[in-house]
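Here my numbering runs 65 ahead of the position in the sequence shown, where the first position is 1. Note that beta-carbon positions come from the ideal geometry of N, C-alpha and C, so glycine has one too.
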Amino acid sequence: MYHSFTDALIHTQAKTTLAQHLWPETLQAEYSLQHCQGDGVLFTGELAPADLLRIIPHLHTLTASMTRALLRLVSEWSVSVRLTRHTHRYNHSGCVTLTAEGFPEKTDLAEARLLSALQCQYEIICRKVEALGYRLIAGTFPEEMDEVLLCRGTENITFRVVAVYPEVCGYCDADDGLEGDYIDLILRCGRRVLCLRYEIFCDGQKMAESWTTGTVIDPHGPARKWLSRDEVRYVASEARDAIESRAVAFRSFIKAV
66 MYHSFTDALI HTQAKTTLAQ HLWPETLQAE YSLQHCQGDG VLFTGELAPA DLLRIIPHLH
126 TLTASMTRAL LRLVSEWSVS VRLTRHTHRY NHSGCVTLTA EGFPEKTDLA EARLLSALQC
186 QYEIICRKVE ALGYRLIAGT FPEEMDEVLL CRGTENITFR VVAVYPEVCG YCDADDGLEG
246 DYIDLILRCG RRVLCLRYEI FCDGQKMAES WTTGTVIDPH GPARKWLSRD EVRYVASEAR
306 DAIESRAVAF RSFIKAV
(Lines of atoms letter the chains of each structure in order from A and count residues from 1; the text may use other names and numbers.)
(Lines give C-alpha, C1' and ligand atoms only; values in the text may rest on other atoms or scores of the structure.)
Protein backbone atom coordinates (compact mmCIF):
# COMPACT_ATOMS: atom_id res chain seq x y z
CA MET A 1 0.00 0.00 0.00
CA TYR A 2 1.36 3.40 -0.99
CA HIS A 3 0.97 6.82 0.58
CA SER A 4 -0.93 8.21 -2.40
CA PHE A 5 -1.90 7.59 -6.02
CA THR A 6 1.15 9.53 -7.23
CA ASP A 7 3.41 7.59 -4.87
CA ALA A 8 2.12 4.34 -6.36
CA LEU A 9 2.85 5.55 -9.90
CA ILE A 10 6.39 6.66 -9.05
CA HIS A 11 7.20 3.35 -7.35
CA THR A 12 5.74 1.43 -10.28
CA GLN A 13 7.85 3.46 -12.71
CA ALA A 14 10.90 2.86 -10.51
CA LYS A 15 10.37 -0.91 -10.81
CA THR A 16 9.98 -0.58 -14.57
CA THR A 17 13.22 1.39 -14.87
CA LEU A 18 15.09 -1.16 -12.75
CA ALA A 19 13.80 -3.98 -14.94
CA GLN A 20 14.83 -2.12 -18.10
CA HIS A 21 18.42 -2.11 -16.81
CA LEU A 22 18.13 -5.74 -15.62
CA TRP A 23 18.35 -4.73 -11.95
CA PRO A 24 16.06 -6.53 -9.47
CA GLU A 25 12.68 -4.91 -8.85
CA THR A 26 12.97 -5.93 -5.20
CA LEU A 27 15.27 -2.97 -4.45
CA GLN A 28 13.56 -0.46 -2.18
CA ALA A 29 12.99 2.96 -3.73
CA GLU A 30 12.94 6.19 -1.73
CA TYR A 31 12.58 9.66 -3.17
CA SER A 32 12.08 13.35 -2.54
CA LEU A 33 10.81 15.35 -5.52
CA GLN A 34 9.88 18.82 -4.30
CA HIS A 35 12.14 20.98 -6.48
CA CYS A 36 14.50 21.74 -3.59
CA GLN A 37 17.97 20.89 -2.33
CA GLY A 38 18.44 17.21 -1.68
CA ASP A 39 15.85 16.12 -4.21
CA GLY A 40 16.47 12.81 -5.87
CA VAL A 41 15.88 9.06 -5.89
CA LEU A 42 17.78 6.24 -4.22
CA PHE A 43 17.53 2.47 -3.97
CA THR A 44 18.66 0.18 -1.17
CA GLY A 45 18.89 -3.58 -0.99
CA GLU A 46 21.07 -6.31 -2.46
CA LEU A 47 22.31 -7.44 -5.85
CA ALA A 48 22.52 -11.21 -5.46
CA PRO A 49 24.97 -13.31 -7.51
CA ALA A 50 22.22 -14.14 -10.03
CA ASP A 51 21.50 -10.41 -10.43
CA LEU A 52 25.17 -9.61 -11.02
CA LEU A 53 25.52 -12.38 -13.60
CA ARG A 54 22.61 -10.79 -15.46
CA ILE A 55 23.82 -7.18 -15.10
CA ILE A 56 27.59 -7.44 -15.67
CA PRO A 57 27.49 -8.25 -19.42
CA HIS A 58 25.61 -4.97 -19.95
CA LEU A 59 27.99 -2.72 -17.99
CA HIS A 60 29.53 -0.94 -20.96
CA THR A 61 32.30 0.73 -18.94
CA LEU A 62 33.93 -2.68 -18.45
CA THR A 63 36.37 -4.18 -20.92
CA ALA A 64 35.59 -7.57 -22.43
CA SER A 65 38.37 -9.24 -20.44
CA MET A 66 37.24 -7.65 -17.17
CA THR A 67 33.66 -8.70 -17.88
CA ARG A 68 34.75 -12.32 -18.32
CA ALA A 69 36.86 -12.19 -15.16
CA LEU A 70 34.01 -10.74 -13.10
CA LEU A 71 31.51 -13.29 -14.37
CA ARG A 72 33.89 -16.06 -13.35
CA LEU A 73 34.49 -14.57 -9.90
CA VAL A 74 30.81 -13.97 -9.21
CA SER A 75 29.92 -17.48 -10.32
CA GLU A 76 32.69 -19.22 -8.37
CA TRP A 77 32.60 -17.12 -5.19
CA SER A 78 28.92 -16.12 -5.00
CA VAL A 79 29.79 -12.44 -4.96
CA SER A 80 27.00 -10.04 -4.01
CA VAL A 81 26.70 -6.27 -3.69
CA ARG A 82 24.82 -4.38 -1.00
CA LEU A 83 23.32 -0.92 -1.46
CA THR A 84 23.24 0.74 1.96
CA ARG A 85 22.09 4.21 2.94
CA HIS A 86 24.81 6.04 4.88
CA THR A 87 22.85 9.22 5.64
CA HIS A 88 19.18 10.05 6.08
CA ARG A 89 19.58 13.75 5.44
CA TYR A 90 18.60 13.58 1.77
CA ASN A 91 17.10 11.13 -0.71
CA HIS A 92 19.44 10.90 -3.69
CA SER A 93 21.93 8.45 -5.16
CA GLY A 94 24.86 9.99 -3.28
CA CYS A 95 23.32 8.88 0.01
CA VAL A 96 23.94 5.20 -0.78
CA THR A 97 27.17 3.19 -0.64
CA LEU A 98 27.75 0.10 -2.76
CA THR A 99 29.85 -2.60 -1.08
CA ALA A 100 30.83 -6.00 -2.43
CA GLU A 101 30.83 -9.22 -0.42
CA GLY A 102 32.49 -12.51 -1.31
CA PHE A 103 35.48 -11.47 -3.42
CA PRO A 104 38.56 -13.61 -2.71
CA GLU A 105 41.93 -12.12 -1.77
CA LYS A 106 44.05 -10.37 -4.38
CA THR A 107 41.05 -9.38 -6.51
CA ASP A 108 40.85 -5.79 -5.31
CA LEU A 109 41.11 -4.40 -8.85
CA ALA A 110 38.23 -6.52 -10.12
CA GLU A 111 36.13 -5.54 -7.11
CA ALA A 112 36.87 -1.84 -7.63
CA ARG A 113 36.03 -2.03 -11.35
CA LEU A 114 32.74 -3.78 -10.62
CA LEU A 115 31.68 -1.27 -7.99
CA SER A 116 32.66 1.65 -10.23
CA ALA A 117 30.65 0.29 -13.16
CA LEU A 118 27.65 -0.48 -10.97
CA GLN A 119 27.82 2.98 -9.38
CA CYS A 120 27.75 4.59 -12.81
CA GLN A 121 24.68 2.64 -13.89
CA TYR A 122 23.04 3.11 -10.50
CA GLU A 123 23.27 6.89 -10.87
CA ILE A 124 21.82 6.69 -14.38
CA ILE A 125 18.84 4.71 -13.06
CA CYS A 126 18.28 7.16 -10.20
CA ARG A 127 18.42 10.19 -12.51
CA LYS A 128 15.99 8.59 -14.94
CA VAL A 129 13.47 7.74 -12.22
CA GLU A 130 13.83 11.27 -10.83
CA ALA A 131 13.11 12.89 -14.21
CA LEU A 132 10.10 10.66 -14.85
CA GLY A 133 8.91 11.17 -11.28
CA TYR A 134 8.67 14.93 -11.79
CA ARG A 135 6.57 14.33 -14.90
CA LEU A 136 4.27 11.95 -13.03
CA ILE A 137 3.82 14.53 -10.28
CA ALA A 138 2.95 17.19 -12.85
CA GLY A 139 0.43 14.82 -14.42
CA THR A 140 -1.33 13.93 -11.17
CA PHE A 141 -1.21 17.15 -9.13
CA PRO A 142 -3.50 20.19 -9.48
CA GLU A 143 -1.84 23.22 -11.03
CA GLU A 144 -2.88 25.19 -7.95
CA MET A 145 -4.72 24.56 -4.70
CA ASP A 146 -8.33 23.55 -5.48
CA GLU A 147 -7.89 23.96 -9.23
CA VAL A 148 -11.41 24.36 -10.68
CA LEU A 149 -11.86 22.19 -13.76
CA LEU A 150 -15.60 22.75 -14.24
CA CYS A 151 -18.10 25.17 -12.75
CA ARG A 152 -21.82 25.44 -13.50
CA GLY A 153 -24.48 27.28 -11.57
CA THR A 154 -27.79 29.06 -11.20
CA GLU A 155 -28.71 32.01 -9.00
CA ASN A 156 -28.58 29.84 -5.86
CA ILE A 157 -26.87 26.58 -6.77
CA THR A 158 -23.24 26.08 -7.82
CA PHE A 159 -21.74 22.81 -9.04
CA ARG A 160 -17.94 22.46 -9.25
CA VAL A 161 -15.39 19.81 -10.07
CA VAL A 162 -12.06 20.53 -8.39
CA ALA A 163 -8.67 18.82 -8.79
CA VAL A 164 -7.21 17.89 -5.40
CA TYR A 165 -3.85 16.61 -4.22
CA PRO A 166 -3.69 12.79 -4.34
CA GLU A 167 -3.05 12.57 -0.59
CA VAL A 168 -6.60 13.86 0.00
CA CYS A 169 -7.97 10.59 -1.38
CA GLY A 170 -5.93 8.50 1.04
CA TYR A 171 -3.69 5.49 0.62
CA CYS A 172 -3.48 3.63 -2.67
CA ASP A 173 -3.47 -0.14 -3.21
CA ALA A 174 -1.19 -0.68 -6.20
CA ASP A 175 -2.32 -2.66 -9.24
CA ASP A 176 0.82 -2.64 -11.38
CA GLY A 177 -1.11 -3.35 -14.59
CA LEU A 178 -3.49 -0.44 -14.11
CA GLU A 179 -0.77 1.88 -12.86
CA GLY A 180 1.31 1.05 -15.91
CA ASP A 181 -1.56 2.22 -18.10
CA TYR A 182 -1.83 5.49 -16.18
CA ILE A 183 1.92 6.03 -16.50
CA ASP A 184 1.75 5.57 -20.28
CA LEU A 185 -1.16 8.01 -20.52
CA ILE A 186 0.84 10.68 -18.67
CA LEU A 187 4.30 10.15 -20.15
CA ARG A 188 3.41 9.20 -23.71
CA CYS A 189 -0.02 10.70 -24.36
CA GLY A 190 0.22 13.95 -22.38
CA ARG A 191 -2.88 13.20 -20.31
CA ARG A 192 -3.53 14.21 -16.72
CA VAL A 193 -4.71 11.56 -14.26
CA LEU A 194 -6.33 13.38 -11.38
CA CYS A 195 -8.11 12.93 -8.10
CA LEU A 196 -11.28 15.03 -8.20
CA ARG A 197 -13.79 16.48 -5.76
CA TYR A 198 -17.36 16.96 -6.97
CA GLU A 199 -19.20 19.55 -4.86
CA ILE A 200 -22.49 21.44 -4.76
CA PHE A 201 -23.13 24.73 -2.94
CA CYS A 202 -26.41 26.41 -2.10
CA ASP A 203 -26.12 30.15 -1.43
CA GLY A 204 -22.42 29.69 -0.74
CA GLN A 205 -22.80 26.79 1.71
CA LYS A 206 -21.53 23.35 0.73
CA MET A 207 -24.36 20.83 0.59
CA ALA A 208 -22.57 17.73 -0.66
CA GLU A 209 -19.26 16.45 -1.99
CA SER A 210 -17.69 13.25 -3.28
CA TRP A 211 -14.28 12.16 -4.55
CA THR A 212 -12.96 10.13 -7.47
CA THR A 213 -9.46 8.89 -8.26
CA GLY A 214 -7.76 8.04 -11.53
CA THR A 215 -9.81 10.34 -13.76
CA VAL A 216 -8.05 10.61 -17.13
CA ILE A 217 -8.26 14.10 -18.63
CA ASP A 218 -7.15 15.39 -22.02
CA PRO A 219 -6.07 19.00 -21.29
CA HIS A 220 -7.30 20.02 -24.73
CA GLY A 221 -10.54 18.02 -24.69
CA PRO A 222 -14.07 18.93 -23.53
CA ALA A 223 -15.22 18.23 -19.98
CA ARG A 224 -17.91 15.82 -21.18
CA LYS A 225 -15.16 13.35 -22.10
CA TRP A 226 -14.11 12.86 -18.47
CA LEU A 227 -17.07 14.04 -16.38
CA SER A 228 -18.65 11.14 -14.48
CA ARG A 229 -22.43 11.29 -14.88
CA ASP A 230 -22.84 8.76 -12.08
CA GLU A 231 -20.85 10.98 -9.74
CA VAL A 232 -22.89 14.03 -10.75
CA ARG A 233 -26.14 12.18 -10.02
CA TYR A 234 -24.80 10.97 -6.68
CA VAL A 235 -23.64 14.36 -5.43
CA ALA A 236 -26.83 16.01 -6.74
CA SER A 237 -28.93 13.49 -4.80
CA GLU A 238 -26.91 14.09 -1.64
CA ALA A 239 -27.26 17.86 -2.05
CA ARG A 240 -31.01 17.61 -2.61
CA ASP A 241 -31.42 15.56 0.57
CA ALA A 242 -29.33 18.07 2.53
CA ILE A 243 -31.34 21.03 1.19
CA GLU A 244 -34.66 19.30 1.91
CA SER A 245 -33.51 18.47 5.44
CA ARG A 246 -32.70 22.12 6.09
CA ALA A 247 -36.01 23.18 4.60
CA VAL A 248 -37.87 20.81 6.94
CA ALA A 249 -35.90 22.14 9.90
CA PHE A 250 -36.71 25.73 8.91
CA ARG A 251 -40.43 24.98 8.53
CA SER A 252 -40.53 23.42 11.98
CA PHE A 253 -38.85 26.55 13.35
CA ILE A 254 -41.45 28.79 11.68
CA LYS A 255 -44.27 26.75 13.22
CA ALA A 256 -42.64 26.97 16.62
CA VAL A 257 -42.49 30.76 16.59
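Query raised in the report: If Phe206 and Thr71 are in contact, beta carbons under 8 Å, what's the gap, nearest whole angstrom?
Result: Taking the first residue of the sequence shown as position 1, residue 206 is located at position 141. Taking the first residue of the sequence shown as position 1, residue 71 is located at position 6. Correct: roughly 7 Å between the Cβ atoms.
Query raised in the report: For the candidate residues Leu124, Thr91, Glu195, Ala301, whose alpha-carbon lies nearest to that of Arg178?
Result: Taking the first residue of the sequence shown as position 1, residue 178 is located at position 113. Among Leu124, Thr91, Glu195, Ala301, the Cα nearest to that of Arg178 is on Leu124.
Query raised in the report: Does DSSP put Lys80 in a helix, a strand or coil?
Result: In the sequence shown, residue 80 corresponds to position 15, counting from 1. Note: Lys80 maps to helix in three-state DSSP.
Query - Buried or exposed by the 16-neighbour rule on C-beta atoms within 10 Å, applied to Arg257 - result: For the purposes of this step, residue 257 is taken as the residue at position 192 of the sequence shown. Looking at its Cβ environment, which holds 16 or more other Cβ atoms inside 10 Å, Arg257 is buried.
Requested in this report: Could you work out which residue in Glu170, Ala228, Ser302, Ser158 is closest to Val194 when comparing CA atoms only?
Outcome: Stepping through the sequence shown from its first residue, residue 194 is reached at position 129. Taking only the C-alpha atoms, the option nearest Val194 is Ser158.
Requested in this report: Mind listing, in chain order, the continuous alpha helix (DSSP H) runs of no fewer than 4 residues lying wholly within the region 222-293?
Outcome: 241-252
Report task. Report the option in Thr278, Ser317, Arg225, Asp295 whose CA atom is closest to the CA atom of Met272. Result -> Start at 1 with the first residue of the sequence shown, and residue 272 comes out as number 207. Taking each of Thr278, Ser317, Arg225, Asp295 in turn and checking the Cα distance to Met272, the smallest one comes out for Arg225.
**Report entry** Best match in Leu107, Arg311, Leu138 for proximity to Lys171 [C-alpha to C-alpha]
**Finding:** In the sequence shown, counting from the first residue as 1, residue 171 sits at position 106. Checked all of Leu107, Arg311, Leu138; the closest Cα to Lys171 is Leu138.
Query raised in the report: Taking just the CA atoms, how far does Leu107 sit from Arg154?
Result: Sequence index remark: in the sequence shown, residue 154 carries index 89 (1-based). Sequence index remark: in the sequence shown, residue 107 carries index 42 (1-based). Looking at the two C-alpha atoms, the distance is approximately 12 Å.
Requested in this report: Alpha carbon to alpha carbon, how far is Ser69 from Arg262? Give it in angstroms, no decimals.
Outcome: Taking the sequence shown and counting its residues from 1, the one referred to as residue 262 is at position 197. Taking the sequence shown and counting its residues from 1, the one referred to as residue 69 is at position 4. Taking the straight line from one Cα to the other gives about 16 Å.
Report task. May I have the straight-line CA-CA distance separating Pro169 from Ala84, to the nearest angstrom? Result -> Here the question's residue 169 lines up with position 104 in the sequence shown. Here the question's residue 84 lines up with position 19 in the sequence shown. So the two alpha carbons sit approximately 29 Å from each other.
Query raised in the report: Measuring CA to CA, which of Ser293, Ser275, Glu274 is closest to Ile282?
Result: As a position in the sequence shown, residue 282 is number 217, starting the count at 1. Residue Ser293 is the option with its Cα nearest to Ile282.
Requested in this report: Locate the alpha helix (DSSP H) running through Arg200, then write down its first and last residues.
Outcome: Mapped onto the sequence shown, residue 200 falls at position 135. 173-205 is the extent of the alpha helix (DSSP H) around Arg200.
Requested in this report: Using the Cα positions of Ile75 and Leu197, report the straight-line distance between them to the nearest angstrom.
Outcome: Translated into positions along the sequence shown, residue 75 becomes position 10. Translated into positions along the sequence shown, residue 197 becomes position 132. Roughly 8 Å between the two C-alpha positions.
Requested in this report: Could you please give the first and the last residue of the uninterrupted beta strand (DSSP E) stretch that includes Ala94?
Outcome: Indexing the sequence shown from 1 puts residue 94 at position 29. Start and end: 93-97.
Query raised in the report: Going by C-alpha distance, which of Leu180, Glu166, Glu274 is nearest Thr132?
Result: As a first step, residue 132 is located in the sequence shown; it is residue number 67 there, counting from the start. Of the candidates Leu180, Glu166, Glu274, the one whose C-alpha sits nearest the C-alpha of Thr132 is Leu180.
Query - Cα-Cα separation between Ile265 and Thr223, rounded to whole angstroms - result: In the sequence shown, residue 265 corresponds to position 200, counting from 1. In the sequence shown, residue 223 corresponds to position 158, counting from 1. Taking the straight line from one Cα to the other gives about 6 Å.
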